[in-house]
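Worksheet: the structure to be examined is printed underneath.
2 protein chains.
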Amino acid sequence: VKIAILGVGLIGGSIGLAARRRAGARVCGYDPDPRAGAAALELGAIDEQAPDIAAAVAGAQVVFAAAPVGVLAETVREALALAGADCVVSDVGSTKLALQDAREDVRFVGGHPLAGAETAGVEHAREDLFEGATWYLTPAPSADRELYARLCDVIERLGALPAEIEADAHDRLMARISHLPHVLANVLVLQAAEAFEREDKPLAGGQPAGGPGLRDTIRVAGANTAIWTDIYLANREALIEAIEQAIGGLEDVRAALLHADASALATWNERARAARMKLLGGDTPPTAAAP
Amino acid sequence: VKIAILGVGLIGGSIGLAARRRAGARVCGYDPDPRAGAAALELGAIDEQAPDIAAAVAGAQVVFAAAPVGVLAETVREALALAGADCVVSDVGSTKLALQDAREDVRFVGGHPLAGAETAGVEHAREDLFEGATWYLTPAPSADRELYARLCDVIERLGALPAEIEADAHDRLMARISHLPHVLANVLVLQAAEAFEREDKPLAGGQPAGGPGLRDTIRVAGANTAIWTDIYLANREALIEAIEQAIGGLEDVRAALLHADASALATWNERARAARMKLLGGDTPPTAAAP
Chain A
3 VKIAILGVGL IGGSIGLAAR RRAGARVCGY DPDPRAGAAA LELGAIDEQA PDIAAAVAGA
63 QVVFAAAPVG VLAETVREAL ALAGADCVVS DVGSTKLALQ DAREDVRFVG GHPLAGAETA
123 GVEHAREDLF EGATWYLTPA PSADRELYAR LCDVIERLGA LPAEIEADAH DRLMARISHL
183 PHVLANVLVL QAAEAFERED KPLAGGQPAG GPGLRDTIRV AGANTAIWTD IYLANREALI
243 EAIEQAIGGL EDVRAALLHA DASALATWNE RARAARMKLL GGDTPPTAAA P
Chain B
3 VKIAILGVGL IGGSIGLAAR RRAGARVCGY DPDPRAGAAA LELGAIDEQA PDIAAAVAGA
63 QVVFAAAPVG VLAETVREAL ALAGADCVVS DVGSTKLALQ DAREDVRFVG GHPLAGAETA
123 GVEHAREDLF EGATWYLTPA PSADRELYAR LCDVIERLGA LPAEIEADAH DRLMARISHL
183 PHVLANVLVL QAAEAFERED KPLAGGQPAG GPGLRDTIRV AGANTAIWTD IYLANREALI
243 EAIEQAIGGL EDVRAALLHA DASALATWNE RARAARMKLL GGDTPPTAAA P
């Protein structure tokens with residue numbers, strides 16, 4: 003199978019590594035930055051560096067558009083215009099309604115692997131990045147099911163778990179499990195930093211500030227500004243809804259505190275505890291007062 | 003030096019281990035649950051198990067009250083009533099204004115180590131739990147400075163970094179760097195779990211849900227209900243203020259999204275990025291789109 007990867011950064015590069023080593027695929031990569039393409043070639047993430055999208059998708063059976071959200075729609079459009087009839091075109095963008103136009107093409111299937119790392123760039127690509135990760139797929143009702151099956155097969159070989167979901171349900175879900183966490187981490191880190199300044203507590207040199215609770219909670223704060231501004235805007239409707247729901251949740255806690263309502267706080271915390279167990283599976287819930 | 007520890011759980015037990023091994027102290031422990039005391043003795047966290055507070059503090063130069071927040075004030079009051087004139091009494095509670103009465107005694111110095119773990123109980127106690135951790139101390143202006151210096155010395159020997167701060171400043175700071183993170187994690191985990199249910203996406207068996215961003219952000223959710231209900235209530239004024247500030251922050255983001263204001267979102271994210279670098283020190287900020 004020949005796989006084309008358009009955009010060889012962390013995600014595209016990791017797809018390439020896994021596709022070559024685990025799926026025995028021939029991988030052709032294109033990146034608007036030729037240095038990224040050359041690095042991918044040197045790292046073994048691709049077999050061949052294409053000079054343009056046309057050359058990359060020529061003869062490919064599977065295309066992954068792994069460009070940043072801001073240029074993703076255009077990349078997918080070009081890929082569909084240039085790819086053959088027997089080729090499935092997918093992407094790895096974190097919002098799926100944004101690619102509405104492409105969904106009219108039976109060869110297109112939107113995708114989104116729930117994987118990533120704190121560092122961008124092909125030099126951080128890993129063959130096992132998708133190991134055990136959910137990989138959402140949002141085929142339109144009109145999508146070609148044979149091409150869809152081929153895409154699922156490749157994704158499974160990469161080590162991921164393909165999961166079909168409607169595009170709008172995907173975007174609402176992501177607003178709550180990915181975009182809102184980033185927004186809350188930003189809100190929190192700004193407030194914490196301001197508090198350290200206001201109380202005139204200079205941070206101990208070299209030591210991370212606060213306890214493990216703070217450090218976990220703000221780890222995703224301040225993610226790449228260009229990428230995340232695009233993501234927030236691409237999913238703004240669902241994200242606004244999620245933010246309003248979070249404000250409602252905070253107002254409930256505020257009311258319980260105003261009334262010193264221990265029972266309401268305890269019930270709320272127990273619900274959170276059950277939800278955490280459900281989401282994090284076997285991971286031990288915190289029982290101690292780790293700050 | 004003889005050190006008394008009142009309450010030998012995770013924190014009290016870790017103080018005992020470090021005090022015995024690193025400060026060469028003789029450690030006497032008391033716990034209302036005799037099994038916890040016996041376990042502490044067996045683990046080497048204390049030299050001696052006292053039958054009551056009076057026996058524990060008899061002849062001690064330093065007392066650490068490491069009881070849960072709900073019974074902490076009473077434990078400190080008893081310790082001060084029973085300890086000698088040349089004895090410093092401290093605690094490890096996560097709010098400091100709550101022990102206002104004790105502050106009138108020159109032998110009392112409120113304390114709070116920024117350390118903890120996801121698991122409670124003396125069986126998880128570790129000699130190195132406080133290694134490099136900030137240990138806030140909130141002496142009243144009237145506190146005996148000689149006793150205070152002795153306490154600092156012991157804390158340094160445990161491996162921690164003593165840092166003096168006003169009790170009210172401490173509580174405002176904790177509201178933002180510890181209590182609010184827990185509140186936000188709860189709000190988030192409830193919303194995420196509800197979203198998975200609403201979109202009818204059963205969680206993959208055994209696999210943690212969502213991406214690394216979600217998992218980090220909700221790690222402290224649903225912490226021990228009894229402990230945390232007490233903590234939230236003990237610091238309710240400062241926490242209400244912090245929650246209102248967080249709501250304000252969320253409303254700003256919501257407004258930027260409503261107006262599709264990319265520049266406002268980018269500026270906000272850059273500020274969060276700078277704050278994160280400042281708080282997490284050398285830790286790499288996330289640049290990729292890890293969900």
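Top to bottom, those sequences are chains A and B.
Everything in the first sequence is counted per our numbering, starting at 3 for the first residue and increasing by one.
Everything in the second sequence is counted per our numbering, starting at 3 for the first residue and increasing by one.
Note that the Cβ used here is the ideal one computed from N, Cα and C, for glycine as well.
These numbers were taken from a predicted model, which means no experiment stands behind them.
Asked, Found
"Using a 10 Å radius around the Cβ and a threshold of 16 neighbouring Cβ atoms, would you call D155 (chain A) buried or exposed?", "exposed"
"Just how far apart, CA to CA, sit A127 (chain A) and G14 (chain A)?", "8 Å"
"Following a CB-centred definition, is P164 (chain A) positioned closer than 7 Å to any heavy atom of the ligand ZN?", "What this structure holds is no ligand at all, so the ligand ZN is not there to describe."
"Beta-carbon of Y150 (chain B) versus every beta-carbon of chain A: anything under 8 Å?", "no"
"Just to confirm the assignment, what range does the alpha helix (DSSP H) spanning V108 (chain B) have?", "Where V108 (chain B) is concerned, there is no enclosing alpha helix (DSSP H), given that its DSSP letter is neither H nor E."
"Please state whether DSSP places H184 (chain B) in a helix, a strand or coil.", "helix"
"Report the rounded CA-to-CA distance for S265 (chain A) versus E201 (chain B), giving the unit in angstroms.", "30 Å"
"List the residues of chain A that I55 (chain B) touches, going by C-beta distances under 9 Å, in chain order.", "What I55 (chain B) touches in chain A: nothing, since even the nearest Cβ is about 21 Å away."
"Quick one: which chain A residues come within Cβ less than 8 Å of V185 (chain B)?", "L252 and V255"
"Over what stretch of residues does the beta strand (DSSP E) that includes P164 (chain A) continue unbroken?", "L163 to E166"
"Whole angstroms are fine: how far does the CA of D93 (chain B) sit from the CA of R152 (chain B)?", "14 Å"
"Who are K4 (chain B)'s beta bridge partners in DSSP?", "B:R28"
"Going residue by residue through the stretch 94 to 154 of chain B, where are the continuous beta strand (DSSP E) segments of at least 3 residues, counting only ones entirely within it?", "110 to 115 and 136 to 140"
"Can you name, in chain order, every residue of its own chain whose Cβ lies under 7 Å from the Cβ of G208 (chain A), other than the five neighbours on each side?", "Reliability fails at G208 (chain A), whose pLDDT of 46 lies under 50, so the model's placement of it is uncertain and the value that follows must be treated cautiously. If we look at G208 (chain A) and ignore the five residues flanking it on each side, it has no Cβ neighbours."
"Just the chain B side, please: which residues come within less than 8 Å of W137 (chain A) by C-beta, in chain order?", "Neighbours of W137 (chain A) on chain B: none; closest Cβ ~11 Å, over 8 Å."
"Using the Cα positions of E174 (chain A) and P143 (chain B), report the straight-line distance between them to the nearest angstrom.", "One detail in the question is off: residue 174 (chain A) reads as Arg in this sequence, not Glu. So the two alpha carbons sit approximately 53 Å from each other."
"Take the Cβ of H172 (chain B) as the centre, count every other Cβ of all protein chains shown within 10 Å, and call the residue buried at 16 or more, exposed below.", "buried"
"Note down, in chain order, every chain A residue with its Cβ under 7 Å from the Cβ of L241 (chain B).", "L259"
"Could you spell out where the beta strand (DSSP E) holding A67 (chain B) opens and where it closes?", "V64 to A67"
"Can you pull the chain A residues whose beta carbon is under 8 Å from the beta carbon of P34 (chain B), in chain order?", "Result: empty, since nearest Cβ-Cβ is about 17 Å, beyond 8 Å."
"Check whether chain A comes within 8 Å of G113 (chain B), counting only Cβ atoms and requiring the distance to be less than that.", "no"
"So, are the CB atoms of V90 (chain A) and V59 (chain A) less than 8 Å apart?", "no"
"Would the stretch 155 to 167 of chain B count as touching the stretch 181 to 192 of chain B if we require 3 or more Cβ pairs under 8 Å?", "no"
"So what's V91 (chain A) in DSSP terms, helix, strand or just coil?", "strand"
"If I measure Cβ to Cβ from L163 (chain B) and keep anything under 6 Å in the same chain, skipping five residues before and after, which residues do I get?", "T136"
"Mapping DSSP to helix, strand and coil, what is E201 (chain A)?", "coil"
"Below 8 Å on C-beta distance, what does S16 (chain A) contact in chain D?", "No chain D is present in this structure, whose protein chains are A and B."
"Is the Cβ of I167 (chain A) closer than 8 Å to any Cβ of chain B?", "yes"
"Under 7 Å Cβ to Cβ from I55 (chain A), same chain only, skipping five residues before and after it: list those, please.", "L8, Y32, E80, A81 and L84"
"Rounded to whole angstroms, what's the CA-CA distance from A21 (chain A) to I167 (chain A)? Just pull it up for me.", "24 Å"
"State yes or no: is the beta carbon of I7 (chain B) nearer than 8 Å to at least one beta carbon in chain A?", "no"
"Compute the beta-carbon to beta-carbon distance between R275 (chain B) and T227 (chain A), rounded to the nearest angstrom, for a pair I have assumed lies under 8 Å.", "7 Å"
"Is it buried or exposed, P53 (chain A), if we count other Cβ atoms within 10 angstroms and call 16 or more buried?", "exposed"
"Buried or exposed: which applies to Q51 (chain B), given that a residue is buried once 16 or more other Cβ atoms fall within 10 Å of its Cβ?", "buried"
"Please report the distance separating the alpha-carbon of T298 (chain A) from that of L43 (chain A).", "Any answer about residue 298 (chain A) is impossible in this case: the structure gives chain A only from 3 up to 293."
"Could you name the residues of chain A that R278 (chain B) contacts, counting a contact when the two beta carbons are closer than 7 Å?", "V191, I220, A223 and G224"
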